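Notes follow the structure.
4 protein chains.
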Amino acid sequence: MQNYAFNMHTLPVGSQPSYRIGVLGASGYSGRELCALILGHPQFSLHFATAHSQKGSTLRVRAAGRVHDVPLIGPDEADLAGADLVFAALPHGASAEWVAKAIAAGTRVVDLSSDLRPGHGGVTHALPDGVPHDAPYGMPELFRSSVQGARVVANPGCYATSILVALAPLAKAGLIAPGSTVSIASASGVSGAGVTPKFEYMFAEVAENFRAYGVGNSHRHLFEMRDTMQKLGSDCDLLFTPHLLAVDRGILSTITVPLSRPLTDALEPFRAAYANEPFVELTTSLPALADVQHRNVVRIGAVLPSGMRQPTLLVFSAIDNLVKGAAGQAVQNANLMLGLDEIAGLQQ
Amino acid sequence: MQNYAFNMHTLPVGSQPSYRIGVLGASGYSGRELCALILGHPQFSLHFATAHSQKGSTLRVRAAGRVHDVPLIGPDEADLAGADLVFAALPHGASAEWVAKAIAAGTRVVDLSSDLRPGHGGVTHALPDGVPHDAPYGMPELFRSSVQGARVVANPGCYATSILVALAPLAKAGLIAPGSTVSIASASGVSGAGVTPKFEYMFAEVAENFRAYGVGNSHRHLFEMRDTMQKLGSDCDLLFTPHLLAVDRGILSTITVPLSRPLTDALEPFRAAYANEPFVELTTSLPALADVQHRNVVRIGAVLPSGMRQPTLLVFSAIDNLVKGAAGQAVQNANLMLGLDEIAGLQQ
Amino acid sequence: MQNYAFNMHTLPVGSQPSYRIGVLGASGYSGRELCALILGHPQFSLHFATAHSQKGSTLRVRAAGRVHDVPLIGPDEADLAGADLVFAALPHGASAEWVAKAIAAGTRVVDLSSDLRPGHGGVTHALPDGVPHDAPYGMPELFRSSVQGARVVANPGCYATSILVALAPLAKAGLIAPGSTVSIASASGVSGAGVTPKFEYMFAEVAENFRAYGVGNSHRHLFEMRDTMQKLGSDCDLLFTPHLLAVDRGILSTITVPLSRPLTDALEPFRAAYANEPFVELTTSLPALADVQHRNVVRIGAVLPSGMRQPTLLVFSAIDNLVKGAAGQAVQNANLMLGLDEIAGLQQ
Amino acid sequence: MQNYAFNMHTLPVGSQPSYRIGVLGASGYSGRELCALILGHPQFSLHFATAHSQKGSTLRVRAAGRVHDVPLIGPDEADLAGADLVFAALPHGASAEWVAKAIAAGTRVVDLSSDLRPGHGGVTHALPDGVPHDAPYGMPELFRSSVQGARVVANPGCYATSILVALAPLAKAGLIAPGSTVSIASASGVSGAGVTPKFEYMFAEVAENFRAYGVGNSHRHLFEMRDTMQKLGSDCDLLFTPHLLAVDRGILSTITVPLSRPLTDALEPFRAAYANEPFVELTTSLPALADVQHRNVVRIGAVLPSGMRQPTLLVFSAIDNLVKGAAGQAVQNANLMLGLDEIAGLQQ
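Protein chains in written order, with my numbering: chain A, 75 to 422; chain B, 75 to 422; chain C, 75 to 422; chain D, 75 to 422.
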C-alpha cells in the first residue's frame, strides 16, 4: 500500500533486486532531494516519506523527467520494519531517537544529522540505547571499507565534505606543515540553511548581499572536520569561516594549506589519491559552482601561489551541498551498505 | 559652453567656491559613478566627460534625485586646461599618457588606474615625462597628509582599499606575526569587472555561480598591497584570492592574520586607529555587502577564533567597490587636494 | 525625550519650521523606508517609531549617507498628541483603529493600509468612529487639491499607483474605448510582500523563478483602481494580473488599452497631462525597473502596436514599490497636508 | 573518427538502432543543449558538432551525470552525408543555406532558426534551391502527422511554443471571440538572448531589473504565431509583448483571451485537447518557471476572472525556453521524423 504507484519504474531494471527505502523528514531540502534520487534509482523503491508538520499533504518531486506527488505521512506511521534502509533527514538533536527506533526495527540507517558524526556537532549528550557512538563516517572516498555493509552510517556535513575530501590526500601524505593553521573560507548557497522560513533567508535579504556567519570556529561542522583530520594524521589547526551566497545551491571552499615541503605540481597529491574515485573530479582550471550543481561530485582545483616564503598550497573544492553534500552522498553510502554498485542512481 | 545646464545646482551653495571637474573615461562604471558624485557635490561642477568609442552620445546619470543626460565628448576635445581637477578613469596602461597631458595643462589629477600606484600593478614600464613615480597613494585613512594639496594622486584599487584599511592598524601596531602569511579571501560583485561585454560576465554565466579568479598571487592589486604593507612596517607575505559574486556591487574581504601577541578585544586595534575617521565604520557584528552598497565607507568587523594555538585574528572588511573602492575615494582625495571638507559630496 | 539625538540634522535648515513626525509600524519595509525619508527630510524630525513585536530593539536605517539606529517603541507608548503628523504603516485591517486614535489625538495621518482607500480593499466593514469613509486618495497627480491641507489621507497601493497614473490621462481624455477591457500584467519585486518570513518568499523559492499570483481579479488593489477609474469617467473593465519577480524592488505594469479613437503619438496624452508634474517621467524608450529604483517617480512609456484592427495603446509604467508606491508618495502627501513644498525631502 | 569516444553509451541500449546526429552551431545555448540531449539519448550518437569562431576548441557538456568535452569542428568539416539527421542551430538568415546543403547531402534536418518557419520571421527573402517554403512546423501537439517521417522540419520559436500550445485548443474550438484582440505578456530568461556578449545582457544590467523589449508587435516570433492562428481558424489579432527577466531559463506567457461564449471550467478546453500529450501538463494552480526548467513540457494553467462583462479567459503557459522552446522540441521532432518513440531521450 505504501509502495506508491508513482514508483513503477519504466526503466528496464530486469531481474535486479529492489530495495524498499524510507525517508524520515522528507519535507526539507535534503529530504526532497533524497526522494528524487530514490525515485530515479534503478534498484530503490520509495517505501515511505514522513514529515512532521506537513503530514497528510503531498510533496512535489521531480525525478526521471516527471513530477511525482509523494504522499507525506506522520513519522509514527512509518513502516520502519518493512524498509530495507531508512534515511533520517531530521533536525540535529531530534535524529538520534529515530535512528534508535530504526535500529530496533532491524533496519539499516543513514543519518544525515550531526548526531552520530565524529565530534557530534560539538554537542555532548548521551545517545539513545542502541545507537553506536562510533558509527562509520560516510565519506566513501576516505572510509569506504567501514561503510561497506554497515548497518548505521553517519552522513557527513556539507561543508565537511567539501573540505575533508580536499584535505585528506594532503594529510595522509604528511604534506600539511605540522602545527600549522589551515585557513578555510567557504561560501554556501541558501538551500544549506533549510526550508524553515527565517527573515535572514528571504529573497530581499539575500539577493545582492554577501556575508560571513558562524565565524570564529563556532560552526557545527568544525567538530567532524577536526576529528577526521586527527584520524588522518594531521595536527593542524583548522580555521573555518562560512559565508552565505546569493545562490540556491553549491559550496565553494577556498583552502590555504601551509606545506611541510615544496610541491612542483599542485594537483599531484590529488591525482595519486583519487585516480579511481567515481565522484571526485580534478581540474587544472578552477572549480565553479556551475560545474557541480545537481551532480554528486567533489570538483577540486589547486594552485601554488607565487612569492611565498612558506610553501603553500591553495586548494579549491566545489560541491552541490544538497547532492554530494547531503542526499547524493547518502545514496552513495546506502549503495555501499546494501552491496550495490556505488554509483547506482547517481549518474543522472 | 561645456559647463552644462544640467549642473545648475538647486542646492543653496551660497558663496562657496565651485570647482570645474573633468572626467576622462566617463562611460565605465567608475566614470559613471564619478559623474553622479560630481553632479551631487555642492562645490563641483562637471566641466566635461569623455568617452572614446561612445563620443557624441549621452550618458544617463542619476544624481540628486534626478536623471541627468551627460554629453560624452572625445578625449581630444577635453578642455584639460580649463578644469580645476581631472579624474582619469581610463584602462590600466592607457591612463598615464592622459595624466601627463593633464599635468602639462596645469590641472590636478586623480588617476584611478594602476599606472601610478605603488608597484604599478606589477607592470614595469617607463612613465611618460612629467608623471611622478611616487605619486601619493590616495588612501586618506593611511596617507592623508601626503594627499592634502597634492597635484597628482594615485587612487587605490578596490580590493586594496578593502584590505589595506583593515590591515594597516595591525601592521602599524606590530600585531602581525613577523614572517607570517596573511591569507585573504575576497569576493567582489560583477561591476568590478567593468562594462566591456565579456561572455564570463553575462547574466547566465554569473547568476547562481561562484568561483575564484586571478589566483596564486597574480592579481594586479597585490602589488600595491605588498608595497604598502612594507611601508607600514610589516614583512608578512600576502596570499590574495579574489572571487566573483553573483551580485552587482560590493567587496567583502575575509582576512586571516597570525598575531604577534594575543589580543583580548578583536576590535581594539581598529578603535584606536579609526576613532575619528569619517569613512571607517566598526561593527561588533559582521559587515555585509548590504551595509555598504552606495556608501563611501569601509565597514570592519573582527573575531578572535577559538581553538587556535597560533594567536589569530579574523578580520572582515566590506566596501562598495565603485564608491569607497573607486569613485567615492577619488572624490575624497579630490576634496583633500583642493582644500575642501573631506566629506563634501560624500554624505548622500 | 522621544526626539532622538540621531535626528540632529546637520543640514543647514536655518529658520525653517520643523515638524514632528511619527511612524506606526516602522519595522516593515514601508515603515523602514518612511524612517529613512523622515531622517533625510529638511523639515521633518522623527518623533517616534513603533513596532509591535520588535519594541525595545533598534532599527538600522540608512539616510543622508549615514546609518542611524532608530529605537522602536511599543505602539501604546507613542506620543500621538505630540506629533504633527503620523504615518500609519500597519497591516490591512489593523490600521483603522490607530487612525482613529491619531485623529482623536488631533494629529494628521497618512494611512498606508487599504482600510481607508476607495473600495476599502474589497472588505466591507465598519470603520471606527471618527475615521472618514471618504478620506482623500493620496495620489497627488490626480487629486492634489483634495490632499492639500487634509488631516487624513489614504495612501494608494503600489500596483494602483503604477496603473492609475498611467491610465488617468487616457480616462480623462475619453480615450479608453467604452465598455472595453483594459488588461494589465504587472510584475513586482519581493519587497512588496512584506517582511514576515514566508516560505514562498525565501531566496531559493524566488530566485530563478517567475509566476503570477492573486489572479482572476482577486487582488486587493483592484478595488481602489476600479473606483478611481469610475471617478475619472471610464467604464472600462480592468483585468489585473500581478506577478512575482526575482528582484528586491520595483513594479512594471504592462497595460493594453483599447482606444476610442486612433492616436498618432503614443505619448501625447501623457505630455498634456503631466507637463508640470515633478514625479512623473515620460520616456520615448521603455521604462525599466533600474530607472526608478530608490526614486519617487512614475516613469511612463507608450507604444502604438502595428497590425491591430482595434486601435490600441500599450502603456508601460515603472515605479519603486517602496518609494512612489508607498513611503515616498506618503511623504509627498504629508508635504501637501502640511503646506510644504511637495518635493521636500524627495530629491535624494 | 568523428564518432567520439565520449559517446560510448554505458546505458544498456541493447540491439536498438543508433542514429548518427550532427549539430550545426553547437556553441550557442540551444546547440549546447542539443549536444546534451543527444549524448543522453539512448538511440542517438553525436556524429559532429560545429562552431564557426570556436572551431578547434572543445565544448563542455553535462549529460547523463557526467561532463563531456565535445570537440568543435568548422562547419565545412561536417560530415553531412554521413549523418542520419542534422540539427541546424544557426543564426536567423544564416541557416537556410546549411539546410540546403544538408538536404543536398540527403540528410534529414531540424532547423531551429526562423528561416523556414511560417511567416519566415517577417523577412521576405528567397530560400535557397531545394529548401521547401512549406516545411512542417515542428510543434507536434498541433501538427504531429506532418512531422512524422518528414525530411525537413522548422522548429518553432520559444515564445511561439509557449503561446500557441496554450491558444490552439481555444482556436480550434472556436472559443476566441471573432475579431478580438488576444493580449500576451511574456517574460523570458536571459538565455533566450543567446551567448554573444552584449552589454544589455551582462549581469549588472539584468540583475534587479525588468523591462519590456521588442514591443509593438515587432518581435520575430509574431509572424509564425499569426500564421498558425489563422491555420487553426482564428481571426483574432495578437498583441505580443516580451519582457526580459533576471533569470537564466524559462518563459511564462500570460494571455488574455476574449471568449466567444462563457466557460464554467477554465481548464476544460485544454483537458479535451491534451489528454494524451506526453509533454503538456495542466495545473489547477498557476504554472511557475521552477516547474518547467530543464524539462520538455508546456505547463498550462487558466483562470476565469471575475467582474468582466466580456467573457474572458486568462491563460498561463510556462516552458523552458532552451528545452521545449528549442532543443527538447527539436529532439521530439527528430524522434518523430526518424520513427522513434516521441519521448525517447526526453525523460531525464
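Glycine residues also receive a C-beta, built at the ideal position from the N, C-alpha and C atoms. Please read these numbers as outputs of a predicted model, since none were measured by experiment.
Chain B contact residues for residue i, given Cβ-Cβ distances below 7 angstroms
i	result
VAL377 (chain A)	VAL289 and GLY290
Presumed contact (8 angstroms Cβ cut-off) between residue i and residue j, rounded CB distance
i	j	result
ILE393 (chain A)	MET299 (chain A)	Going by Cβ atoms, the distance from ILE393 (chain A) to MET299 (chain A) rounds to 14 angstroms, so no, they are not a contact pair.
ARG285 (chain C)	LEU319 (chain D)	At roughly 11 angstroms, the Cβ-Cβ gap does not stay under 8 angstroms, so ARG285 (chain C) and LEU319 (chain D) are not in contact.
ASP185 (chain A)	ALA162 (chain A)	5 angstroms
ALA408 (chain C)	VAL377 (chain C)	Not really, about 35 angstroms apart at Cβ, beyond 8 angstroms.
GLY413 (chain A)	ASN370 (chain A)	GLY413 (chain A) to ASN370 (chain A), Cβ: 19 angstroms. No contact.
ALA224 (chain C)	MET411 (chain C)	5 angstroms
Contact set for residue i: own chain, Cβ-Cβ below 6 angstroms, skip 5 residues either direction
i	result
PRO145 (chain D)	THR132
ALA170 (chain A)	ASP189, LEU201, PRO202 and VAL205
VAL256 (chain A)	CYS310, LEU312 and VAL331
ILE374 (chain C)	ALA240, PHE344, LEU356 and SER391
MET82 (chain B)	For MET82 (chain B), the pLDDT reaches just 31, beneath the cut-off of 50, and the residue's location in the model is therefore unreliable, although a value from the coordinates is still provided. Around MET82 (chain B): no qualifying Cβ.
Chain-order list of residues whose beta-carbon lies under 7 angstroms from that of residue i (same chain, five-residue window excluded)
i	result
ASN395 (chain A)	CYS232, SER262, GLY263, SER265, GLY266, ARG323, GLY324 and ILE325
ALA152 (chain A)	GLY96, LEU98, PHE122 and THR124
GLY288 (chain B)	PRO316
PRO252 (chain B)	ASP309 and SER334
ALA245 (chain C)	MET303, LEU306, GLY307 and SER308
Proximal residues of chain C, C-beta to C-beta of residue i below 7 angstroms
i	result
VAL280 (chain A)	PHE277
LEU319 (chain D)	PHE284
Neighbouring residues, chain C, relative to residue i (Cβ below 9 angstroms)
i	result
LYS272 (chain A)	PRO271 and MET276
Under the three-state DSSP convention, the category residue i falls into
i	result
ALA418 (chain A)	coil
SER187 (chain D)	coil
GLY375 (chain A)	strand
VAL197 (chain A)	coil
THR330 (chain C)	strand
VAL397 (chain B)	helix
THR255 (chain D)	strand
LEU146 (chain A)	coil
GLY270 (chain D)	Note on identity: in this sequence residue 270 (chain D) is Thr, with Gly being the wrong assignment. Here THR270 (chain D) sits in coil by DSSP.
LEU85 (chain C)	Low local confidence applies: a pLDDT of 38 at LEU85 (chain C) is under 50, so the model's placement there is unreliable, and no value is given.
SER262 (chain B)	strand
Opening and closing residue of the alpha helix (DSSP H) in which residue i lies
i	result
PRO243 (chain C)	232-246
GLU107 (chain B)	103-114
GLU279 (chain A)	277-280
ARG345 (chain B)	342-348
ALA162 (chain B)	Careful: ALA162 (chain B) lies outside any alpha helix (DSSP H), inside the beta strand (DSSP E) at 159-162.
HIS295 (chain D)	295-305
Listed by chain order, chain B residues near residue i by CB distance under 9 angstroms
i	result
GLN421 (chain C)	THR84, ALA138, GLY139 and ARG140
Closer than 9 angstroms at the beta carbon, the chain A residues around residue i
i	result
ARG369 (chain D)	ARG136, GLY139, ARG140 and VAL141
Neighbouring residues, chain D, relative to residue i (Cβ below 9 angstroms)
i	result
VAL264 (chain B)	MET276, PHE277, ALA278 and ALA281
Contact set between residue i and chain D, taken where Cβ atoms lie within less than 8 angstroms
i	result
ASP322 (chain B)	PHE277, ALA278, ALA281 and GLU282
Extent of the continuous beta strand (DSSP E) run through residue i
i	result
GLU355 (chain C)	354-356
HIS207 (chain A)	Neither: HIS207 (chain A) is in no beta strand (DSSP E) and is coded neither H nor E.
GLY402 (chain D)	Element bounds for GLY402 (chain D): not the beta strand (DSSP E) but the alpha helix (DSSP H), 402-412.
Interface residues of chain A facing residue i [CB-CB closer than 8 angstroms]
i	result
MET299 (chain B)	Those do not exist, as MET299 (chain B) stays about 11 angstroms from chain A at its closest Cβ, beyond 8 angstroms.
ALA349 (chain B)	What ALA349 (chain B) touches in chain A: nothing, since even the nearest Cβ is about 25 angstroms away.
Interface residues of chain A facing residue i [CB-CB closer than 7 angstroms]
i	result
MET382 (chain B)	THR255, ASP311 and LEU313
THR302 (chain B)	Residues of chain A passing the Cβ test: none, with the nearest at roughly 15 angstroms.
Chain-ordered neighbours of residue i on chain B, where CB pairs are closer than 8 angstroms
i	result
ALA362 (chain A)	ASN283, PHE284 and ARG285
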